[in-house]
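Peer 1: Taken in order, these protein sequences are the chains called A and B. Using full-length UniProt numbering, you'd call the opening residue of the first sequence number 1 and step up by one each time. Using full-length UniProt numbering, you'd call the opening residue of the second sequence number 1 and step up by one each time.
2 protein chains.
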Amino acid sequence: MGNINLKELALALNLSTATVSRALRDSHEISPETKKKVLELAKQLNYEPNPAASNLRSHKTKTIAVIIPEVTNNFFSQAINGIEEIARRHDYHVLIYQTHENSDLEMAFMRRLLSGRVDGILISVASETNNDQNFKDIINQLPVVFFDRVNEDIDAVKVTTDDYESTYNATCHLIEGGCKKIAYLMALNNLSTGKKRFAGYCAALNDNGIIKNDALVVNDANNEDENYALIKKLLIDKKPDGIITSIENLALPFYYVCKDLNLNIPRDIKIISFSNLKTAPLLNPSLSTITQPAFEMGKEAAGILFKILNKKYFEPNETLVLKSTIIKRESTGF
Amino acid sequence: MGNINLKELALALNLSTATVSRALRDSHEISPETKKKVLELAKQLNYEPNPAASNLRSHKTKTIAVIIPEVTNNFFSQAINGIEEIARRHDYHVLIYQTHENSDLEMAFMRRLLSGRVDGILISVASETNNDQNFKDIINQLPVVFFDRVNEDIDAVKVTTDDYESTYNATCHLIEGGCKKIAYLMALNNLSTGKKRFAGYCAALNDNGIIKNDALVVNDANNEDENYALIKKLLIDKKPDGIITSIENLALPFYYVCKDLNLNIPRDIKIISFSNLKTAPLLNPSLSTITQPAFEMGKEAAGILFKILNKKYFEPNETLVLKSTIIKRESTGF
DNA sequence: CTGTTAGCGCTTTCAA
DNA sequence: TTGAAAGCGCTAACAG
Numbered sequence: 001m002g003n004i005n006l007k008e009l010a011l012a013l014n015l016s017t018a019t020v021s022r023a024l025r026d027s028h029e030i031s032p033e034t035k036k037k038v039l040e041l042a043k044q045l046n047y048e049p050n051p052a053a054s055n056l057r058s059h060k061t062k063t064i065a066v067i068i069p070e071v072t073n074n075f076f077s078q079a080i081n082g083i084e085e086i087a088r089r090h091d092y093h094v095l096i097y098q099t100h101e102n103s104d105l106e107m108a109f110m111r112r113l114l115s116g117r118v119d120g121i122l123i124s125v126a127s128e129t130n131n132d133q134n135f136k137d138i139i140n141q142l143p144v145v146f147f148d149r150v151n152e153d154i155d156a157v158k159v160t161t162d163d164y165e166s167t168y169n170a171t172c173h174l175i176e177g178g179c180k181k182i183a184y185l186m187a188l189n190n191l192s193t194g195k196k197r198f199a200g201y202c203a204a205l206n207d208n209g210i211i212k213n214d215a216l217v218v219n220d221a222n223n224e225d226e227n228y229a230l231i232k233k234l235l236i237d238k239k240p241d242g243i244i245t246s247i248e249n250l251a252l253p254f255y256y257v258c259k260d261l262n263l264n265i266p267r268d269i270k271i272i273s274f275s276n277l278k279t280a281p282l283l284n285p286s287l288s289t290i291t292q293p294a295f296e297m298g299k300e301a302a303g304i305l306f307k308i309l310n311k312k313y314f315e316p317n318e319t320l321v322l323k324s325t326i327i328k329r330e331s332t333g334f
Numbered sequence: 001m002g003n004i005n006l007k008e009l010a011l012a013l014n015l016s017t018a019t020v021s022r023a024l025r026d027s028h029e030i031s032p033e034t035k036k037k038v039l040e041l042a043k044q045l046n047y048e049p050n051p052a053a054s055n056l057r058s059h060k061t062k063t064i065a066v067i068i069p070e071v072t073n074n075f076f077s078q079a080i081n082g083i084e085e086i087a088r089r090h091d092y093h094v095l096i097y098q099t100h101e102n103s104d105l106e107m108a109f110m111r112r113l114l115s116g117r118v119d120g121i122l123i124s125v126a127s128e129t130n131n132d133q134n135f136k137d138i139i140n141q142l143p144v145v146f147f148d149r150v151n152e153d154i155d156a157v158k159v160t161t162d163d164y165e166s167t168y169n170a171t172c173h174l175i176e177g178g179c180k181k182i183a184y185l186m187a188l189n190n191l192s193t194g195k196k197r198f199a200g201y202c203a204a205l206n207d208n209g210i211i212k213n214d215a216l217v218v219n220d221a222n223n224e225d226e227n228y229a230l231i232k233k234l235l236i237d238k239k240p241d242g243i244i245t246s247i248e249n250l251a252l253p254f255y256y257v258c259k260d261l262n263l264n265i266p267r268d269i270k271i272i273s274f275s276n277l278k279t280a281p282l283l284n285p286s287l288s289t290i291t292q293p294a295f296e297m298g299k300e301a302a303g304i305l306f307k308i309l310n311k312k313y314f315e316p317n318e319t320l321v322l323k324s325t326i327i328k329r330e331s332t333g334f
């Protein structure tokens with residue numbers, strides 16, 4: 001705003017704007033004394049370069065966009081934390097866009113970003129359906145790194161977690177604990193994330209000689225009340241002795257149902273849930289968790305994006321897979 | 001990026017860039033037919049105006065900044081959710097900056113934003129100390145709305161919650177429940193938020209004829225292990241029968257201490273905590289909570305900022321106070 | 001209602 | 001090592 005500009009700075013120093021501009025960006029073709037003079041006055045006068053002008057000329061925005069389903073999801077807020085940390089380290093600014101799982105909105109965000117508002121995009125997609133060509137169009141015009149919820153059919157740089165393995169291990173954990181009828185609360189089934197988790201569950205059952213029963217698999221209705229009803233029906237009708245929730249949000253209605261039905265966890269039914277909630281250990285009575293390294297994912301994804309922006313990323317488009325942590329809890333709470 | 005620009009669009013339509021520019025922004029001085037033609041071709045060619053050029057000329061960025069202590073704090077992520085919703089409604093972009101409670105960093109962010117990167121700022125401050133003049137400088141140059149953690153000594157638009165009243169009521173709740181020795185886990189004591197909460201606690205004790213005992217007041221050490229140790233010492237040495245935690249983060253170490261000391265909640269000690277955690281009702285065995293309307297605060301604060309930006313805010317600099325919700329839980333969990 | 005023109009504040013040739 | 005000059009893509013006077 002009411003700030004000083006390059007021209008005024010140059011005038012005050014008896015230099016050309018070109019020289020001042022170069023000095024400010026520490027160009028090697030400027031003498032040390034000149035640089036020093038410029039830097040000093042700039043600091044003294046609180047000079048801040050106008051980003052619009054700089055961007056218009058140089059096509060660099062010093063800004064990246066983060067597109068995610070929800071900020072209020074623990075996983076994503078932790079990822080943003082990691083992204084912001086790396087961005088700040090590079091002196092970059094971070095724009096946030098929430099899709100609320102709406103892929104039309106997601107595509108609208110991306111299209112608008114093509115106007116040159118950002119240097120690159122970090123995205124955790126809302127859906128993998130019907131968008132391939134759109135995504136490809138974008139990727140051709142702007143560096144994009146996918147994280148967590150990636151689009152399998154697109155050749156791009158991706159950072160994910162070991163969805164298959166972690167769910168496989170989680171299922172084995174329940175089987176080892178004696179569970180014979182393990183229910184699965186399924187979500188994100190239009191995404192590879194969700195598919196892989198489910199595949200891990202299926203494979204673990206199979207490898208342990210348990211025949212999968214589709215009646216034990218319940219789909220997320222994206223609605224708390226409905227989920228509550230679905231889970232209640234499941235617990236009453238099928239009486240599972242173990243349950244896996246493939247997203248954090250599904251653990252809540254499950255707990256309420258148990259409370260209502262007077263089911264004791266873990267005596268009557270054991271649970272293991274995906275969760276990035278720090279207070280999860282306090283959930284009653286014993287919640288085993290699969291925790292994704294959200295913060296690290298944010299950092300890794302952002303790190304790769306900056307490597308691309310600095311032309312220092314020479315790998316082929318690859319998927320970096322980070323390990324989730326499974327925490328097994330057996331206590332009966334307080 | 002490789003996008004089409006105004007000039008090309010104008011050329012293709014046999015119009016001047018000025019006309020096209022006006023048509024695109026729905027100016028009243030353009031004929032309907034021309035507008036229609038322009039809009040159609042623009043859509044067809046996927047034209048996206050270059051924000052840098054537009055900003056450079058018009059001094060409008062269509063961007064606001066949100067400066068907060070931590071994204072991973074439930075309260076703030078919910079506030080961001082509200083802010084983003086309003087911003088999108090106005091076709092604005094949202095930049096996120098985390099201060100991690102560091103007020104130097106906070107000031108550095110604000111200074112950099114003066115370069116014209118944003119049209120306005122929403123901030124929840126890291127500290128109220130030693131920054132008054134700096135804040136005043138910023139406010140003179142850019143519209144700023146403070147929310148939740150506001151700087152009392154600055155004349156600006158603010159949105160807060162009823163910190164005093166809610167803590168007062170929370171304390172009364174414990175007293176009504178029979179508590180005689182109510183401890184207070186204090187945080188944010190360099191902020192009016194923290195001070196008001198503490199004042200509410202003190203006033204409630206006083207109004208109920210209880211003499212405040214400073215030994216029952218413990219200060220947040222900003223460190224999980226240390227807080228654990230402090231709280232443990234408090235519970236062993238002073239044996240309080242009730243406790244109020246003035247921020248969500250302090251409830252966790254408290255729970256761990258109770259578990260370690262084999263203290264039964266609420267039989268041995270009752271608790272009421274500030275918390276914006278959705279799963280709080282599942283915390284064992286009975287956590288009464290003070291929940292701030294974070295989402296609504298984000299919406300309100302952003303709404304006011306947009307009114308200011310659209311020159312539709314004519315109130316004097318006022319503080320809008322939103323009501324928190326106190327949820328009293330008495331059950332012994334599952 | 002439409003066009004002409006100037007210029008926002010930078011960066012980047014090109015020339016010195 | 002520095003300067004002069006052009007121009008990024010748009011908007012805003014001003015003129016017609």
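Ideal Cβ positions, reconstructed from N, Cα and C, are used throughout, including at glycine. From a predicted model like this one, the values you see are computed outputs, not experimental measurements.
Whole angstroms is fine: what's the gap from I247 (chain A)'s alpha carbon to L235 (chain A)'s?
Peer 2: 18 angstroms
Peer 1: Within this structure, are the beta carbons of A170 (chain B) and I243 (chain B) separated by less than 8 angstroms?
Peer 2: Here A170 (chain B) is not near I243 (chain B), since their CB atoms are 8 angstroms or more apart.
Peer 1: Pick from A:Y201, A:I231, A:D119 and A:I64: whose alpha carbon is nearest that of E165 (chain A)?
Peer 2: A:Y201
Peer 1: If we count the other Cβ atoms within 10 Å of its Cβ and call it buried at 16 or more, is T160 (chain A) buried or exposed?
Peer 2: buried
Peer 1: Helix, strand or coil for A187 (chain B)? Go by DSSP, reduced to three states.
Peer 2: coil
Peer 1: Say whether chain A places a C-beta atom closer than 8 angstroms to the C-beta of L230 (chain B).
Peer 2: no
Peer 1: Secondary structure at N227 (chain A), three-state DSSP: helix, strand or coil?
Peer 2: The three-state reading of DSSP puts N227 (chain A) in helix, counting H, G and I together.
Peer 1: By DSSP's criteria, I67 (chain A) is part of a beta bridge. Which residues make up the other side?
Peer 2: DSSP, once it has assigned bridges, lists A:Y97 and A:I123 as partnering I67 (chain A).
Peer 1: Is the Cβ-Cβ distance between L305 (chain B) and P51 (chain B) less than 8 angstroms?
Peer 2: no
Peer 1: Could you give the DSSP three-state label for L320 (chain A): helix, strand or coil?
Peer 2: In this structure, L320 (chain A) counts as strand in the three-state DSSP scheme.
Peer 1: Are at least three pairs of beta-carbons, each pair with one atom in the segment 92–103 of chain B and one in the segment 60–71 of chain B, less than 8 angstroms apart?
Peer 2: yes
Peer 1: Please name the residue, chosen from B:A42, B:D207, B:E152 and B:R57, that lies closest to N130 (chain B) on a Cα-to-Cα basis.
Peer 2: B:E152
Peer 1: Taking only beta-carbon positions, decide if T19 (chain B) is within less than 8 angstroms of chain A.
Peer 2: no
Peer 1: Output the distance between the C-alpha atoms of K278 (chain B) and F295 (chain A), rounded to the nearest integer angstrom.
Peer 2: 21 angstroms
Peer 1: Does the Cβ of R25 (chain A) have 16 or more other Cβ atoms within 10 Å, making it buried, or fewer, making it exposed?
Peer 2: exposed
Peer 1: So which residues on chain A does N3 (chain B) lean against when the C-beta distance must stay under 9 angstroms?
Peer 2: L114, S115, G116 and Q141
Peer 1: Whose Cβ in chain A lies nearer than 7 angstroms to the Cβ of V94 (chain B)?
Peer 2: L95 and I96
Peer 1: Using a cut-off of 8 angstroms between C-beta atoms, extract the partners of A12 (chain A) located in chain B.
Peer 2: Neighbours of A12 (chain A) on chain B: none; closest Cβ ~18 angstroms, over 8 angstroms.
Peer 1: Taking one C-beta from the segment 2–21 of chain B and one from the segment 301–316 of chain A each time, how about it: are there three or more such pairs within less than 8 angstroms?
Peer 2: no
Peer 1: Drop a sphere of 10 angstroms on the beta-carbon of I211 (chain B), count the other beta-carbons inside from all chains shown, and report buried for 16 or more, exposed for fewer.
Peer 2: With fewer than 16 Cβ atoms within 10 Å of its Cβ, I211 (chain B) is classed as exposed.
Peer 1: Of all Cβ atoms in chain B, is any one closer than 8 angstroms to the Cβ of E8 (chain A)?
Peer 2: Contact with chain B is absent for E8 (chain A), since none of that chain's Cβ atoms lies less than 8 angstroms from the residue's Cβ.
Peer 1: Quick test of your reading: S77 (chain B) and S77 (chain A), contact by CB under 8 angstroms. State the CB separation rounded to the nearest angstrom.
Peer 2: About 4 angstroms separates the beta carbon of S77 (chain B) from that of S77 (chain A), a gap short enough to meet the 8 angstroms contact definition.
Peer 1: Cβ of N55 (chain A) less than 8 angstroms from any chain B Cβ?
Peer 2: So yes, N55 (chain A) belongs to the interface.
Peer 1: Just to confirm, is the Cβ distance from A215 (chain A) to K238 (chain A) under 8 angstroms?
Peer 2: yes
Peer 1: Where does T17 (chain B) fall in DSSP's three states?
Peer 2: helix
Peer 1: What separation, rounded to the nearest whole angstrom, lies between the Cα atoms of L287 (chain A) and V150 (chain B)?
Peer 2: 38 angstroms
Peer 1: Could you check if I327 (chain A) is buried or exposed, using at least 16 other CB atoms within 10 Å of its CB as the buried criterion?
Peer 2: exposed
Peer 1: If the cut is a Cβ gap below 7 angstroms, which residues of chain B does T72 (chain A) touch?
Peer 2: S77, Q78 and N81
Peer 1: Looking at N189 (chain A): is its Cβ nearer than 8 angstroms to the Cβ of E128 (chain A)?
Peer 2: no
Peer 1: Could you check the C-alpha separation between V321 (chain A) and D148 (chain A) for me, to the nearest Å?
Peer 2: Using only the alpha carbons, I get a separation of about 9 angstroms.
Peer 1: Put I290 (chain A) into one of helix, strand or coil per three-state DSSP.
Peer 2: strand
Peer 1: Per DSSP, what kind of secondary structure is F306 (chain A) in: helix, strand or coil?
Peer 2: helix
Peer 1: May I ask you to check if the CB of K259 (chain B) is nearer than 7 angstroms to at least one heavy atom of the ligand FMN?
Peer 2: No copy of the ligand FMN appears in this structure; indeed no ligand is present at all.
Peer 1: Residue ranges of each alpha helix (DSSP H) run of no fewer than 4 residues wholly in the segment 191–279 of chain A, ordered along the chain?
Peer 2: 192–207, 224–238 and 251–261
Peer 1: Which one of A:L9, A:I64 and A:R117 has the shortest CA to CA distance from N3 (chain B)?
Peer 2: Taking only the C-alpha atoms, the option nearest N3 (chain B) is A:R117.
Peer 1: Can you give me the C-alpha to C-alpha distance between E300 (chain B) and S324 (chain B), rounded to a whole angstrom?
Peer 2: Distance from the CA of E300 (chain B) to the CA of S324 (chain B), rounded to the nearest whole angstrom, comes to 14 angstroms.
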